[in-house]
Amino acid sequence: MKKYRIISKSTLISLLFVSLLLLTSACSIPTQDETKMLEDLLNRLDAVEGEITFVTKNGETVNIQITKESSQGTNEENDIVKDVDKKEVSTEKPENILPVICSKEDVFKLLGVLDQALELRNKGLSWSSTAKELGYTPESMYAQLEEIGERELKDALDHGLINQEQMKKKLSEFTATARKWVDKIFADSSVGTALSLNDYLPVLNCIEDVFKTLGVWDKAHSLREQGFAWSHIATELGYTSESIYMALVVKIEVMLKEAYSVGLLSQEKMEYKIKYYSDIGLKWINKIFNDVTTSTPVSISDILPTLTSVEDVFKLLGVWEKANTLHKQDLSWTSIAVELEYSEESMYKKIRGIAEQELHDAKINGLISYDQYKEMLEFYSKSAESWIKEIFSDLNDTSVSA
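Just so it is clear: in the sequence shown, position 189 is 184 by my numbering, and no numbers are missing.
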């Protein structure tokens, strides 16, 4: 079996030099003819390229390829080994291989139709109508996204950036995210799948989310990578602190009205959440323009629904209209609660659960600390407990205004 080895000129020179040293160290002084032969060989090395073939004492034929100073050569199967340019070696991290999908806009961008989608949206089309207008069904959109993910991961696998196990895991995560956003796009269509309220809520966890919600993240990100401050970026995109706030509020209203239209929010709750997320957006806008002096400390009333009366309890539970109708029929608050199938315990648990969720969202969005979360929850729970006891005391028989 013929074997191949790669050797550069500098290596060959080194081998010859070592051979010369071995000769002298063995006290075998080269003859004049041997010295001249070595000198001639060294002088002619610069012109040497090609192969040297010799047979070992074991009968193996070995091919030595003499190359220029590069990493080019052959392996044992005689396949070409390409030159490696350090500049072309990928330093991409495995987590950066796949495109990010964190908004409906990202889906259309990944599909290469974002400009067309935004144009249709500006004409008043819903997301599902926009997708259909562009020729997509939920299945075709998901299939194309899955194909993109597979292609990117296969390329990363071929370049040694990930292994098979990582590829499977990342593809599973990517397709799950893609499916979620496809469902959101088609949520206002009969072909969409059922979504929870969280799928409709704005994501405003950082300054970047403001630009993403406004649909201008690509431009903002490009400017940010050039070293521009957030305030300069906003100005460059044509925003003032007032106009960016108004634009953000419009986006928030659209998202929450979608949730209202599919029955996930009451009108009262929708209006409350519009204000809640608008306040969060204002906090980030203040940071964008470095206007920290305009932000004020968050109080419990900024986060949690008002709870200063018996009526507020029923409003918070979403049954105020029924309760008010029964109260006008001269039923006591206790009778009304029982009629609406509430006990003290169930009423308290539901109100505390609402408070926990609202405070959790505020904590996640950086509006309050964990200590404030605990303090506000404790205060609100005690207030709720006090009003619930009054409801079940049969002492309050005063009429309330409609």
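For glycine and all other residues, C-beta sits at the position ideal for the given N, C-alpha and C. Bear in mind that the values here come from a model prediction, so they are computed numbers and not experimental data.
Original post:
What is the DSSP secondary structure of A224, reduced to helix, strand or coil?
Top reply: Residue state for A224 is assigned as coil, using DSSP reduced to three classes.
**OP:** Go ahead and pull the three-state DSSP assignment for G210.
**Re:** In the structure shown, G210 sits in coil (DSSP, three-state: anything other than H, G, I, E or B).
**OP:** Keeping to the same chain, check which residues put their C-beta closer than 6 angstroms to that of S98; ignore five residues upstream and five downstream.
**Re:** K207
Subject >> Same chain, Cβ closer than 7 angstroms to L277, neighbours up to 5 away in sequence not counted >> reply: Y240
**OP:** Measure the beta-carbon distance from P197 to M265 and round it to whole angstroms, keeping in mind my assumption that it falls under 8 angstroms.
**Re:** Wrong, their Cβ atoms sit about 13 angstroms apart, outside the cutoff.
Subject >> Alpha-carbon spacing of I180 relative to A126, whole angstroms >> reply: Going from the Cα of I180 to the Cα of A126 covers about 8 angstroms.
Subject >> Own chain, CB closer than 8 angstroms to Q262, minus 5 neighbours either side, in chain order >> reply: Y255
Subject >> Other residues of its chain near T188: CB distance less than 7 angstroms, five sequence neighbours each side excluded >> reply: Below a pLDDT of 50, predicted positions are generally treated as unreliable, and T188, at 47, falls in that range; no measurement from the model is reported.
Original post:
Are the Cβ atoms of L106 and Q139 separated by less than 8 angstroms?
Top reply: yes
Original post:
In terms of residues, what are the limits of the alpha helix (DSSP H) holding V249?
Top reply: S236 to S256
**OP:** Determine the burial state of K164: buried for a count of at least 16 other Cβ atoms within 10 Å of its Cβ, exposed for fewer.
**Re:** exposed
Original post:
Between which two residues does the alpha helix (DSSP H) containing Q324 stretch?
Top reply: From DSSP, Q324 is part of no alpha helix (DSSP H); its letter is neither H nor E.
Subject >> Nearest candidate by alpha-carbon position, reference E398, set S304, E336 and F374 >> reply: The shown model of the chain, from -4 to 397, leaves out residue 398, and the question about it has no answer.
**OP:** Write down the C-beta distance between I96 and I157 rounded to the nearest angstrom, noting that I regard them as a contact closer than 8 angstroms.
**Re:** No, I96 and I157 are not in contact; Cβ-Cβ is about 19 angstroms, not under 8 angstroms.
**OP:** State whether the segment 348 to 358 contacts the segment 367 to 386, with contact taken as three or more CB pairs (one from each stretch) at a distance under 8 angstroms.
**Re:** yes
Subject >> 8 angstroms contact criterion, which I275 and E339 should meet: CB distance rounded >> reply: At roughly 34 angstroms, the Cβ-Cβ gap does not stay under 8 angstroms, so I275 and E339 are not in contact.
Subject >> Span separating the alpha-carbon of S451 from that of D194 >> reply: The chain is shown only over -4 to 397; residue 451 falls outside these bounds and no answer can be derived.
Original post:
Can you tell me whether DSSP reads L232 as helix, strand or coil?
Top reply: Three-state DSSP puts L232 in coil, outside helix and strand.
Original post:
Apart from the five residues on each side of it in sequence, which residues of its chain come closer than 6 angstroms, Cβ to Cβ, to W122?
Top reply: K99 and I180
Original post:
Under the three-state reduction of DSSP, which class applies to K118: helix, strand or coil?
Top reply: coil
Original post:
Near I143, which residues of its chain fall below 7 angstroms by C-beta distance, leaving aside the five closest residues on each side in sequence?
Top reply: Result list for I143: L105, in chain order.
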